[in-house]
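Here is the structure we will look at.
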Amino acid sequence: MLSWLATLEQTSISVWIRETPSLWGFPFILYLHTLGLALLAGLSVGIDLWVLAARTWPRAVAMAGLHRAMWLGFGINAISGVALLVAYPAKALTNWVFFGKLLFVVLAVVAIEQLRREAFTPSQVEPVGVSDRARRLAVWSLCLWAGTILAGRMLAYTHTILLASEAF
Amino acid sequence: MEAVIDWLVSTRLSWFVLEYRWVWPISETLHFCGLTVLAGTVGLFDLRLLGLVKGVAPAVLHRQLSWGVAGFGVSVVTGIMFIAGTPDQYFYNNAFKLKVVFLALMGTNAALFYWLEFSRIRELGPNDDAPRAAKAIAAASLLFLAAVMCCGRMLTFFRPPF
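Heads up: the sequence lines are chains A and B, in that order.
Residues 1 to 168 (the numbering used here) are what the first sequence spells out, left to right.
Residues 1 to 162 (the numbering used here) are what the second sequence spells out, left to right.
Right, here's the structure in full:
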């Protein structure tokens, strides 16, 4: 495993992301990851708080644009996340916290999709009450995003190997 | 500047931040959680003003901004903890100076919104378009928020060499 990771670290793209002095390398990719977080997790948290505060819900609310913005955030995070992984593969892949973060993200995205189906399906009846299930999904979503952020920050403090090539 | 730095490092807050190794990572987590709540609530309101979320009155989403203010408060408190811990790493850091500038622009932009547009915005119905000036303020708000995040991320890469 480590030798494979060491090989990945030696690829030109990995070396460039990690070692280029340009701000367009690692710093910019890290920024994109934060921007993606703000779009995906931020808007998801905004919707969760909205659902939890609402007594009735306007079923006619047009959420398609908002969900597109969240999926754009997901795309930015997926691409920047892969780039960060390629830069330091051993740092992430030898740390269980990284897999915990991925699990949190997957579950949070499932919660977004479930909440969309539960609360944002257009209806002729207007307005409707917010269901208990929608509230539960919103609470789960808030907890999952908090877990994602916690795991993401802890990655910097819990890794045991930074570069596989230095671990031999 | 040196006097301020000397005073900050002598505070109990600075000692607290540096003494326990879990304080910094937990504060970072809370800083990001605060930012996420701020970005989510402000972003949702700004996107409504820009016309992306129709079918809900802006006043409904405006009520969520109190959560955003709370998130901002958490980020400010944890930010002060970072500065108290290693003040020289911030006061001599150009990314930090720029971050403060963009935070001030965010505040000025918000003040402009309440001064010029809020009274009109709170009267809007679920499917009404926001006035052009309010849309410009909402777009500026999103840009400044993105700039603050950018500068925050760049702090590490503009650290002074000591």
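Here a beta-carbon is modelled for each residue, glycine too, at the ideal position from N, C-alpha and C.
In this structure, what does DSSP give as the bridge partners for Trp-96 of chain A?
As a position in the first sequence, residue 96 of chain A is number 96, starting the count at 1. As far as DSSP is concerned, Trp-96 of chain A takes part in no beta bridge.
Neighbourhood of Gln-64 of chain B by C-beta distance below 8 Å, restricted to the same chain and skipping five residues each side:
In the second sequence, the residue the question calls residue 64 of chain B occupies position 64. Within the same chain, and ignoring the five residues on either side of Gln-64 of chain B in sequence, the residues whose Cβ sits closer than 8 Å to its Cβ are Thr-41, Leu-44 and Phe-45.
Buried or exposed: which applies to Gly-125 of chain B, given that a residue is buried once 16 or more other Cβ atoms fall within 10 Å of its Cβ?
For the purposes of this step, residue 125 of chain B is taken as residue 125 along the second sequence, with counting starting at 1. Around the beta carbon of Gly-125 of chain B, a 10 Å sphere encloses fewer than 16 other beta carbons of the protein chains shown; the residue is thus reported as exposed.
Endpoints, the alpha helix (DSSP H) within which Asp-32 of chain B is located
Locating residue 32 of chain B in the second sequence gives position 32, counting from the first residue. As written in the sequence, residue 32 of chain B is Phe, which differs from the Asp given in the question. Per DSSP, Phe-32 of chain B is one residue of the alpha helix (DSSP H) stretching across 23-49.
Pick out whichever of B:Ala-110, B:Arg-48, B:Val-60 and B:Gly-85 has its Cα sitting closest to the Cα of Trp-15 of chain B.
To locate residue 15 of chain B, count along the second sequence from 1; it is residue 15. Considering only alpha carbons, the answer is B:Gly-85.
Since Glu-28 of chain B meets chain A, which of its residues come closer than 7 Å, beta carbon to beta carbon?
Against the second sequence, residue 28 of chain B aligns to sequence position 28. Within 7 Å Cβ-Cβ: Arg-153.
Counting only Cβ-Cβ distances shorter than 7 Å, please list the residues of the segment 47-60 of chain B near chain A, keeping chain order.
Residues Leu-47, Leu-52, Val-53, Lys-54, Gly-55 and Val-56.
Rounded to whole angstroms, how far is the Cβ of Ala-38 of chain A from the Cβ of Met-149 of chain B, which I believe are closer than 8 Å?
Stepping through the first sequence from its first residue, residue 38 of chain A is reached at position 38. Stepping through the second sequence from its first residue, residue 149 of chain B is reached at position 149. Confirmed, about 6 Å.
Touch test, the segment 79-92 of chain A against the segment 69-88 of chain B, Cβ-Cβ under 8 Å, three pairs minimum:
By the Cβ criterion, the segment 79-92 of chain A is not in contact with the segment 69-88 of chain B, since fewer than three pairs of Cβ atoms, one from each stretch, lie closer than 8 Å.
What does DSSP give as the partner residue(s) for Gly-129 of chain A in the beta ladder?
The residue labelled residue 129 of chain A in the question sits at position 129 within the first sequence. Partner(s): A:Thr-56.
Given Ile-17 of chain A, which residues of its chain have a CB within under 7 Å of its CB, disregarding the five upstream and five downstream residues?
Residue numbering aside, residue 17 of chain A sits at position 17 when the first sequence is read from its first letter. Answer for Ile-17 of chain A: Gly-25, Phe-26, Ile-29, Ala-83, Val-86 and Ala-87, listed in chain order.
Range covered by the alpha helix (DSSP H) that runs through Ile-13 of chain A
Your numbering for residue 13 of chain A matches position 13 in the first sequence. Boundaries of the alpha helix (DSSP H) harbouring Ile-13 of chain A: 12-19, taken from the DSSP string.
Taking only beta-carbon atoms, is Arg-120 of chain B less than 8 Å away from chain A?
On the second sequence, residue 120 of chain B is found 120 positions in, with the first residue counted as 1. Output row for Arg-120 of chain B: interface = no.
For Ala-140 of chain B, the three-state DSSP class (helix, strand or coil):
The count along the second sequence starts at 1 and reaches residue 140 of chain B at position 140. If DSSP states are grouped into helix, strand and coil, Ala-140 of chain B belongs with the helices.
In three-state terms, what does DSSP make of Ala-151 of chain A?
Along the first sequence, one-based indexing puts residue 151 of chain A at 151. In the structure shown, Ala-151 of chain A sits in a helix (DSSP, three-state: H, G or I).
Interface partners of Gln-89 of chain B on chain A, CB under 8 Å
Residue 89 of chain B sits at position 89 when you count from the first residue of the second sequence. In chain order: nothing, as chain A lies at least about 16 Å away.
For Ala-62 of chain A, which three-state DSSP category applies?
Start at 1 with the first residue of the first sequence, and residue 62 of chain A comes out as number 62. Correct three-state label for Ala-62 of chain A: strand.
State yes or no: is the beta carbon of Met-1 of chain A nearer than 8 Å to at least one beta carbon in chain B?
On the first sequence, residue 1 of chain A is found 1 positions in, with the first residue counted as 1. Answer no: the Cβ-Cβ gap between Met-1 of chain A and chain B never drops below 8 Å.
Give me the subset of the segment 39-53 of chain A whose CB atoms are less than 9 Å from a CB atom of chain B, sorted by chain position.
Cβ contacts with chain B: Leu-39, Ala-41, Gly-42, Leu-43, Ser-44, Val-45, Gly-46, Ile-47, Asp-48, Leu-49, Trp-50 and Ala-53.
Separation of Ala-57 of chain B from Arg-159 of chain B, as counted between CA atoms
On the second sequence, position 159 is the one that residue 159 of chain B refers to. On the second sequence, position 57 is the one that residue 57 of chain B refers to. Rounded to whole angstroms, the gap between the alpha carbons of Arg-159 of chain B and Ala-57 of chain B is 44 Å.
Are Ala-193 of chain B and Leu-50 of chain B closer than 8 Å when you measure CB to CB?
Given a span of 1 to 162 for chain B in the structure shown, any question on residue 193 of chain B remains unanswerable.
So which residues on chain A does Pro-126 of chain B lean against when the C-beta distance must stay under 9 Å?
As a working mapping, residue 126 of chain B is identified with position 126 in the second sequence. Within chain A, the residues whose beta carbon sits less than 9 Å from that of Pro-126 of chain B are Pro-58, Ala-60 and Val-61, listed in sequence order.
Ala-57 of chain B: first and last residue of the uninterrupted alpha helix (DSSP H) it sits in:
Looking up residue 57 of chain B in the second sequence gives position 57. Run containing Ala-57 of chain B: none; DSSP gives neither H nor E here.
Show which residues of chain B have a CB atom less than 8 Å away from the CB atom of Tyr-31 of chain A.
Position 31 of the first sequence, counted from the start, is the residue given in the question as residue 31 of chain A. For Tyr-31 of chain A, the residues of chain B that pass the 8 Å Cβ criterion are Met-149, Cys-150, Arg-153 and Met-154, in the order they occur in the chain.
Could you please give the first and the last residue of the uninterrupted alpha helix (DSSP H) stretch that includes Tyr-92 of chain B?
Along the second sequence, one-based indexing puts residue 92 of chain B at 92. From DSSP, Tyr-92 of chain B is part of no alpha helix (DSSP H); its letter is neither H nor E.
Hey, does Ile-149 of chain A have any beta-carbon neighbour from chain B nearer than 8 Å?
The residue labelled residue 149 of chain A in the question sits at position 149 within the first sequence. Closer than 8 Å: yes.
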